[in-house]
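Notes to accompany the following structure.
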Amino acid sequence: MKYCPHCGAEIADDVRFCPTCGKETVVVVKEADPEFDAQDIADNRMLAMLGYLTMGILPMIGCRNSAFAMHHVNQALWIYIGAMLCSLASGILAFTVIIPILGGIALIVLLVFEIMGIVRALKGSGKYLPFIKNLPVIIK
Ligand SMILES: [Zn+2]
7 MKYCPHCGAE
17 IADDVRFCPT
27 CGKETVVVVK
37 EADPEFDAQD
47 IADNRMLAML
57 GYLTMGILPM
67 IGCRNSAFAM
77 HHVNQALWIY
87 IGAMLCSLAS
97 GILAFTVIIP
107 ILGGIALIVL
117 LVFEIMGIVR
127 ALKGSGKYLP
137 FIKNLPVIIK
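When you line the sequence shown up against our numbering, it's residues 7 to 146, in that order.
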């Protein structure tokens, strides 16, 4: 037996919707940001930060085994991929006028992400940048 998180009614374990209030009984737990070893962060945060400025190349050479640095490399790579797609779409669809404008706005957003990533790497934070959390991992 479990209890409905909305109204508190007792409900069977296998029901998805509460028979009393009709709300969904499964509470979606938000995935936590990854945690990293303190020594890993201390040793590699400079390289992790430089990953944002070098397409991930410096940390890939300097600390390939650092989970913290590779977390930031992934984010940096997604920012680069996003920027490439925005530039490409803006170039090809320049005649539409609206696409290059949207592409320009997206590039500014990506630049903000890049700065956020740099700041977080330096602070030793493994917090995900917006949206990137749901994208596949490129470098493990
Ligand atoms: Zn209920």
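Note that CB positions come from ideal geometry on N, CA and C, so glycine has one too.
Is residue i a contact residue of ligand 1, with contact defined as CB to any heavy atom under 6 Å?
{"i": "Ala18", "result": "no"}
In terms of DSSP beta bridges, what is residue i paired with?
{"i": "Leu47", "result": "In the sequence as presented, Leu is not what sits at residue 47; that position holds Ile. Answer by DSSP bridge pairing: none, since Ile47 is not bridged."}
{"i": "Phe42", "result": "Looking at the DSSP assignment, Phe42 forms no beta bridge with any residue, so it has no partner."}
{"i": "Lys8", "result": "Ile17"}
{"i": "Glu30", "result": "Phe23"}
Where does residue i land, buried or exposed, given buried means 16+ other C-beta within 10 angstroms?
{"i": "Phe23", "result": "exposed"}
{"i": "Phe101", "result": "exposed"}
{"i": "Glu120", "result": "buried"}
{"i": "Leu125", "result": "For the sequence presented, residue 125 should be read as Val rather than Leu. By the 10 Å Cβ count, Val125 comes out exposed."}
{"i": "Pro65", "result": "buried"}
{"i": "Gln45", "result": "exposed"}
Is the CB of residue i under 7 Å away from at least one CB in chain C?
{"i": "Pro106", "result": "No chain C appears in the structure shown, which is made up of a single protein chain."}
Using 8 Å for Cβ pairs, my map puts residue i next to residue j. What's the rounded Cβ distance?
{"i": "Leu113", "j": "Gly123", "result": "At roughly 15 Å, the Cβ-Cβ gap does not stay under 8 Å, so Leu113 and Gly123 are not in contact."}
{"i": "Asn50", "j": "Cys27", "result": "That pair is no contact at about 49 Å."}
{"i": "Ser96", "j": "Gly110", "result": "7 Å"}
{"i": "Ile144", "j": "Asn71", "result": "So it is not a contact: roughly 16 Å between Cβ atoms."}
{"i": "Ala54", "j": "Ala75", "result": "4 Å"}
List in chain order the residues whose CB is within less than 6 Å of at least one heavy atom of ligand 1.
Cys10, His12, Cys13, Ala15, Cys24, Thr26, Cys27 and Lys29
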